[in-house]
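Residue numbers for the sequence shown follow numbering that gives the first Met the number 0, beginning at 0 and rising by one. Note that the Cβ used here is the ideal one computed from N, Cα and C, for glycine as well.
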Amino acid sequence: MHSQTSQSPTKHDHQPTNRRKTAVKTALLAFNSILMSIGNCGGPLILRLYFIHGGNRVWLSSCLFTAGFPIILLPLAIGYIHRCRSTPAGNRTKLIFMREPLLFFGSAVIGLLTGLDNYLFSYGMARLPVSTSSLIIASQLAFTAGFAFLLVKQRFTSYTVNAVVLLTIGGAILALHSSGDRPAGESNKEYIAGFLMTLGAAVLYGFILPLIELMYKKTKQSLTYTLILEIQLVMALFGTILCTIGMIIDNDFQAIQREGREFGLGNTKYYVVLVMSAIIWQCFFVGAVGVIFYSSSLFSGIVIALLLPAVEILAVIFFREKFQAEKGVSLALNLWGFVSYFYGEIKQSKKMKLIELQKTQEITTTIQNV
Numbered sequence: 000m001h002s003q004t005s006q007s008p009t010k011h012d013h014q015p016t017n018r019r020k021t022a023v024k025t026a027l028l029a030f031n032s033i034l035m036s037i038g039n040c041g042g043p044l045i046l047r048l049y050f051i052h053g054g055n056r057v058w059l060s061s062c063l064f065t066a067g068f069p070i071i072l073l074p075l076a077i078g079y080i081h082r083c084r085s086t087p088a089g090n091r092t093k094l095i096f097m098r099e100p101l102l103f104f105g106s107a108v109i110g111l112l113t114g115l116d117n118y119l120f121s122y123g124m125a126r127l128p129v130s131t132s133s134l135i136i137a138s139q140l141a142f143t144a145g146f147a148f149l150l151v152k153q154r155f156t157s158y159t160v161n162a163v164v165l166l167t168i169g170g171a172i173l174a175l176h177s178s179g180d181r182p183a184g185e186s187n188k189e190y191i192a193g194f195l196m197t198l199g200a201a202v203l204y205g206f207i208l209p210l211i212e213l214m215y216k217k218t219k220q221s222l223t224y225t226l227i228l229e230i231q232l233v234m235a236l237f238g239t240i241l242c243t244i245g246m247i248i249d250n251d252f253q254a255i256q257r258e259g260r261e262f263g264l265g266n267t268k269y270y271v272v273l274v275m276s277a278i279i280w281q282c283f284f285v286g287a288v289g290v291i292f293y294s295s296s297l298f299s300g301i302v303i304a305l306l307l308p309a310v311e312i313l314a315v316i317f318f319r320e321k322f323q324a325e326k327g328v329s330l331a332l333n334l335w336g337f338v339s340y341f342y343g344e345i346k347q348s349k350k351m352k353l354i355e356l357q358k359t360q361e362i363t364t365t366i367q368n369v
């Protein structure tokens with residue numbers, strides 16, 4: 000009887016702690032989802048703004064995706080100062096958490112792949128309306144799901160499969176009627192090239208997201224949010240290096256001043272667009288690695304796809320882009336897919352909670368019978 004009394008409080012003491020951990024995890028997941036949303040909605044719009052007002056340097060615009068990485072140094076510095084203040088006198092405070100060479104190498108490789116993906120996306124954005132490119136990018140979820148299954152053994156429910164199928168069909172409908180919204184003065188060959196490059200960007204980033212999750216699973220280091228930021232810093236650095244090499248080869252640095260003078264919104268706003276683009280895209284990438292850390296690569300793909308309606312509406316409002324019938328059908332199928340996925344996740348969550356409750360009741364009954 001004494002044994003029963005001593006065990007019960009311990010068990011109950013753990014429950015508030017677990018609830019706090021869950022609450023913190025949910026809050027950080029929400030925060031990173033918001034960062035990702037800012038980048039996912041604002042990034043394509045400001046990139047298209049660059050192109051429609053006279054910008055035409057693809058490598059330069061690609062570099063902006065990751066060139067804002069110095070921003071990450073600010074939260075890392077704040078975290079370091081906090082650790083210094085909380086560390087007992089005489090103990091050494093860690094400056095860098097990344098110790099494993101393979102983790103650095105993996106981050107570098109993923110960074111180079113991200114730089115290539117940014118080039119493909121920028122090339123497509125230079126030739127396609129925001130609404131069209133966004134709908135093509137929506138197919139990324141299908142590729143993310145496929146690679147997540149192969150790389151990290153992602154489990155699927157019937158609702159997840161239904162969502163992926165609907166999104167794939169939505170992209171296929173768009174592809175069948177893709178030439179109707181070709182920008183004025185653009186050849187059919189250029190439009191098709193932009194379409195294929197954007198599709199290639201969707202495939203490649205669909206591979207990158209599960210690859211990041213696989214790297215998280217394979218590392219021997221204990222993952223913290225500080226380490227996640229360091230990983231993003233390395234990835235962004237190497238992505239920027241790749242795009243900078245492309246800029247040098249394509250003589251982009253020599254063209255920046257001339258392009259600024261000829262920019263449709265004026266020279267000053269040209270540089271504002273470049274800086275804001277770098278900041279907004281960095282929000283997206285920091286949010287993406289955070290969402291994968293606190294949830295999964297598949298969920299990050301879902302968040303990206305979920306924001307499609309917002310990007311579509313903003314493109315129509317700010318750029319007065321056409322919204323033909325096939326885009327409406329594709330959008331409806333995408334929304335149907337999103338609803339299917341989240342309904343399945345809610346059902347799965349309720350099922351897991353019911354199983355945990357049953358296990359708890361069984362343990363309680365066993366203890367009472369001892």
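Asked                                                                                                                                                                                : Found
Need the endpoints of the alpha helix (DSSP H) that Glu185 sits in, please.                                                                                                          : Looking at the DSSP string, Glu185 is not in any alpha helix (DSSP H), and its letter there is neither H nor E.
Quick check: the Cα distance between Gln153 and Asn55, rounded to an integer number of angstroms?                                                                                    : 40 Å
With three or more beta-carbon pairs closer than 8 Å as the criterion, would you say the segment 99-114 touches the segment 44-60?                                                   : no
Between which two residues does the alpha helix (DSSP H) holding Met246 run?                                                                                                         : 224-248
Can you give the Cα-Cα distance for Lys188 and Tyr118, rounded to whole angstroms?                                                                                                   : 19 Å
Restricting to runs no shorter than 4 residues, where is the alpha helix (DSSP H) found entirely within the segment 43-108?                                                          : 57-63, 72-85
When you compare the segment 124-143 with the segment 233-251, are there three or more beta-carbon pairs, one atom per stretch, that lie closer than 8 Å?                            : no
May I ask you to report which of helix, strand or coil DSSP gives Lys321?                                                                                                            : coil
Under 8 Å, do Leu75 and Leu226 count as touching if we go by C-beta distance?                                                                                                        : no
Can you confirm whether the segment 80-95 touches the segment 265-274 when touching is taken to mean that 3 or more C-beta pairs between the two stretches lie within less than 8 Å? : no
Just to confirm the assignment, what range does the alpha helix (DSSP H) spanning Ala141 have?                                                                                       : 139-151
Quick one: what's got a C-beta closer than 7 Å to Thr223's C-beta in the same chain, skipping five residues either side?                                                             : Phe96
Specify whether the segment 233-249 and the segment 144-159 touch according to this definition: at least 3 beta carbon pairs, one from each stretch, less than 8 Å apart.            : no
Could you tell me whether any non-hydrogen atom of the ligand SAM is closer than 7 Å to the CB of Ala254?                                                                            : What this structure holds is no ligand at all, so the ligand SAM is not there to describe.
With distances taken from CA atoms, which of Gly259, Lys349, Leu72 is nearest His52?                                                                                                 : Gly259
Determine the extent of the alpha helix (DSSP H) in which Ser296 is found, giving its start and end residues.                                                                        : 296-305
Assuming contact is defined by CB atoms lying nearer than 8 Å, are Ala304 and Phe337 in contact in what I supplied?                                                                  : yes
Between the segment 55-74 and the segment 138-149, can you find at least three pairs of beta-carbon atoms closer than 8 Å?                                                           : no
Would you mind reading off the limits of the alpha helix (DSSP H) that contains Thr267?                                                                                              : 266-293
Considering only the alpha carbon of each residue, which of Leu273, Gln367, Gly245 lies closest to Gln256?                                                                           : Leu273
Quick test of the definition: if touching needs 3 or more C-beta pairs under 8 Å, does the segment 288-306 touch the segment 24-33?                                                  : yes
Tell me the DSSP secondary structure of Ala162 in three-state form.                                                                                                                  : helix
So, with DSSP's three-state summary, where would you put Thr156?                                                                                                                     : coil
Less than 8 Å separating the beta-carbons of Val285 and Ile211?                                                                                                                      : no
Can you tell me where the alpha helix (DSSP H) holding Arg260 begins and where it ends?                                                                                              : 251-261
Cα-Cα, which of Phe64, Lys20, Val23, Ala26 is closest to Ile279?                                                                                                                     : Phe64
To the nearest angstrom, how far is it from the Cα of Met196 to the Cα of Phe206?                                                                                                    : 15 Å
Nearest CA to the CA of Ile345: which residue from Leu27, Thr156, Lys217, Val233?                                                                                                    : Thr156
Check the C-beta distance from Val383 over to Gly67 and give it rounded, since I have them as a contact under 8 Å.                                                                   : Lying outside 0 to 369, the shown extent of the chain, residue 383 is not represented and no answer is given.
For Phe146, which of Ser221, Val202, Val23, Glu355 has the nearest alpha-carbon?                                                                                                     : Val202
Could you check whether Ile71 and Ser329 sit closer than 8 Å to each other, using their CB atoms as the reference points?                                                            : no
Rounded C-beta distance between Arg82 and Lys93? I'm assuming under 8 Å.                                                                                                             : 7 Å
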